[in-house]
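A.B. asks: Position one of the sequence shown corresponds to residue 1 (my numbering), numbered consecutively onward.
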Amino acid sequence: MSIHWFPGHMAKTRKMISESLKLVDGVINLADARLPASSQNPLLYELTGHKPTMLVLAKADLADPEKTRQWLGRGDALAVCLRDNRSKQQLLNFVQGSLDGKLRKRFKRPWRVMVVGIPNVGKSTLINLLAARRSAKVGDRPGITRTGQWIKISGELEMLDTPGILWPKIGDKSVSYKLAAAGCIRDEVLPLADVAKWLLQFLAEEYPHTLARFERGTLEGVAEALGAIGKGGSLDLDKAAELLLRDFRAGRLGRITLDLEVD
Ligand SMILES: Nc1nc2c(ncn2[C@@H]2O[C@H](COP(=O)(O)OP(=O)(O)OP(=O)(O)O)[C@@H](O)[C@H]2O)c(=O)[nH]1
Ligand SMILES: [Mg+2]
1 MSIHWFPGHM
11 AKTRKMISES
21 LKLVDGVINL
31 ADARLPASSQ
41 NPLLYELTGH
51 KPTMLVLAKA
61 DLADPEKTRQ
71 WLGRGDALAV
81 CLRDNRSKQQ
91 LLNFVQGSLD
101 GKLRKRFKRP
111 WRVMVVGIPN
121 VGKSTLINLL
131 AARRSAKVGD
141 RPGITRTGQW
151 IKISGELEML
161 DTPGILWPKI
171 GDKSVSYKLA
181 AAGCIRDEVL
191 PLADVAKWLL
201 QFLAEEYPHT
211 LARFERGTLE
221 GVAEALGAIG
231 KGGSLDLDKA
241 AELLLRDFRA
251 GRLGRITLDL
261 EVD
């Protein structure tokens, strides 16, 4: 199976990112701490590779802290919870430490940083946190930001919010399931029951304690436990999948990282 998921606005965004690169001093590549590898878009590295690029992992509050520590040990990156105000100073320090102040002084203008990443990782939330106001629209599903938007953070820093993009063809089946489980691919693209079954199998292997309340760790067990009952009293597995994924995305199953390999 491979997902062809590159709607028109993503192609337009790719062009917009390329054209905006000459205006910026650096790029924040925002990934999801639950998917430190799978949420890094190879296409974005291709586009922005020649600019100073800072890797930030958002949603660290939802990820397995031990796994996050391992990923951070691999190189220069910052993991944060963007819903926590204390992340603001950490982010500002990280950006400042990564950019070359010479350029800014020479042109006597604020630093300009572009924020890129796959859909729903928190790009607009990051910008709102730094700006300390709700300048960019955010939402808990992919595809909220539709066009580029410059936002003034301070007299010294401006940021370009961009719509999330995926890469045209996701070949690896487990990467597709991971992205879908984390809410980075629209729920209509893959059958939710398949995504939920993949998640249940992963959890049974890696985080079995999170399934204790679901008998047998099956989707049927989830339907029974969460009361997903359809007409005539039969189990509604689509509803069960939706409820399971909602709980996973909100962190109600615990702190879980879906990418395991650290090489
Ligand atoms: N728990 C948690 N939720 C977060 C964090 N960062 C963002 N979110 C939530 O993730 C969802 C998506 O946030 P957005 O800022 O709209 O994501 P985006 O990357 O701009 O998404 P697109 O514009 O669709 O590409 C929202 O519901 C945010 O509240 C975080 O660090 N932790
Ligand atoms: Mg956005």
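Using N, Cα and C, we set each Cβ at its ideal position, and we do this for glycine too.
If you measure from the CB of Ile17, is any heavy atom of ligand 1 nearer than 7 Å?
C.D. replies: Checking every heavy atom of ligand 1 against the Cβ of Ile17, none is found closer than 7 Å.
A.B. asks: Which same chain residues end up closer than 6 Å to Tyr177 when comparing Cβ atoms and leaving out the 5 residues on each side of it in sequence?
C.D. replies: For Tyr177, where only same-chain residues beyond five positions count, the Cβ hits under 6 Å are Val195 and Trp198.
A.B. asks: With a cut-off of 8 Å on the beta carbons, I'd call Ile153 and Leu126 a contact; round off their distance for me.
C.D. replies: Their Cβ separation, rounded to whole angstroms, is 10 Å, which puts Ile153 and Leu126 out of contact at 8 Å.
A.B. asks: Which residues mark the beginning and the end of the beta strand (DSSP E) in which Thr53 is found?
C.D. replies: Note, Thr53: beta strand (DSSP E), Thr53 to Ala58.
A.B. asks: Which residues in the same chain as Val95 place their Cβ atom closer than 8 Å to its Cβ, once the five residues preceding and following it in sequence are excluded?
C.D. replies: So the list reads Gly26, Ile28, Met54, Trp111, Val113 and Leu157, once near-sequence residues are dropped.
A.B. asks: Tell me where the beta strand (DSSP E) around Leu78 begins and ends.
C.D. replies: Leu78 -> beta strand (DSSP E) spans Ala77 to Ala79.
A.B. asks: Report whether the distance from the Cβ of Arg14 to the nearest heavy atom of ligand 1 is below 7 Å.
C.D. replies: False, no ligand heavy atom lies under 7 Å from that Cβ.
A.B. asks: I'd like to confirm something about Val138: is its beta-carbon nearer than 7 Å to some heavy atom of ligand 2, or not?
C.D. replies: Because some heavy atom of ligand 2 lies under 7 Å away, the Cβ of Val138 counts as near it: yes.
A.B. asks: If I follow the unbroken alpha helix (DSSP H) through Arg69, where does it start and stop?
C.D. replies: Taken as a continuous stretch (DSSP letters only), the alpha helix (DSSP H) holding Arg69 covers Pro65 to Leu72.
A.B. asks: Gln149 by DSSP, collapsed to three states: which one?
C.D. replies: Looking at Gln149 - three-state DSSP - the assignment turns out to be strand.
A.B. asks: Taking 7 Å as the cut-off, does the CB of Ser124 come closer than this to any heavy atom belonging to ligand 2?
C.D. replies: Yes.
A.B. asks: Is any heavy atom of ligand 1 found at a distance shorter than 7 Å from the C-beta of Asp187?
C.D. replies: Asp187 Cβ: outside cutoff for every heavy atom of ligand 1.
A.B. asks: Just to confirm, are Ala33 and Leu57 a CB contact at a threshold of 8 Å?
C.D. replies: Yes, these two residues count as a Cβ contact at 8 Å.
A.B. asks: If contacts are defined as beta-carbon pairs under 8 Å, then Ile165 and Ile118 qualify, I think. What distance do you get, rounded to the angstrom?
C.D. replies: Ile165 to Ile118, Cβ: 7 Å. Contact.
A.B. asks: Can you tell me which of Leu35, Leu43 and Leu30 puts its alpha carbon nearest to the alpha carbon of Lys15?
C.D. replies: The option with the nearest alpha carbon to Lys15 is Leu43.
A.B. asks: For Asn29, which residues does DSSP report across the bridge?
C.D. replies: Leu55 and Val116.
A.B. asks: The alpha helix (DSSP H) that contains Glu242, what's its start and end?
C.D. replies: Per DSSP, Glu242 belongs to the alpha helix (DSSP H) from Leu237 to Arg249.
A.B. asks: Out of Met159, Gln89 and Ala60, point me to the one whose CA is closest to Arg109's CA.
C.D. replies: Nearest option by C-alpha distance: Met159.
A.B. asks: Assign Lys59 to one of two classes, buried (16 or more other C-beta atoms within 10 Å of its C-beta) or exposed (fewer than that).
C.D. replies: So Lys59 ends up on the buried side.
A.B. asks: Nearest to Cys81 by CA position, among Gln89, Asp259 and Glu224, is which residue?
C.D. replies: Checked all of Gln89, Asp259 and Glu224; the closest Cα to Cys81 is Gln89.
A.B. asks: Just to confirm the assignment, what range does the alpha helix (DSSP H) spanning Leu343 have?
C.D. replies: Residue 343 lies beyond the range of the chain shown here (1 to 263); nothing can be said about it.
A.B. asks: Is any heavy atom of ligand 2 found at a distance shorter than 7 Å from the C-beta of Ile144?
C.D. replies: Correct: Ile144 has its Cβ closer than 7 Å to ligand 2.
A.B. asks: Skipping 5 residues on each side, what residues in its chain have a beta carbon closer than 7 Å to that of Arg255?
C.D. replies: Closer than 7 Å at Cβ, skipping near neighbours: Leu62, Ala63, Asp64 and Pro65.
A.B. asks: May I ask which residues mark the beginning and end of the alpha helix (DSSP H) holding Glu19?
C.D. replies: Counting along the chain, the alpha helix (DSSP H) containing Glu19 begins and ends at Gly8 to Ser20.
A.B. asks: Can you tell me which of the three DSSP states Leu160 falls into?
C.D. replies: Note: Leu160 maps to strand in three-state DSSP.
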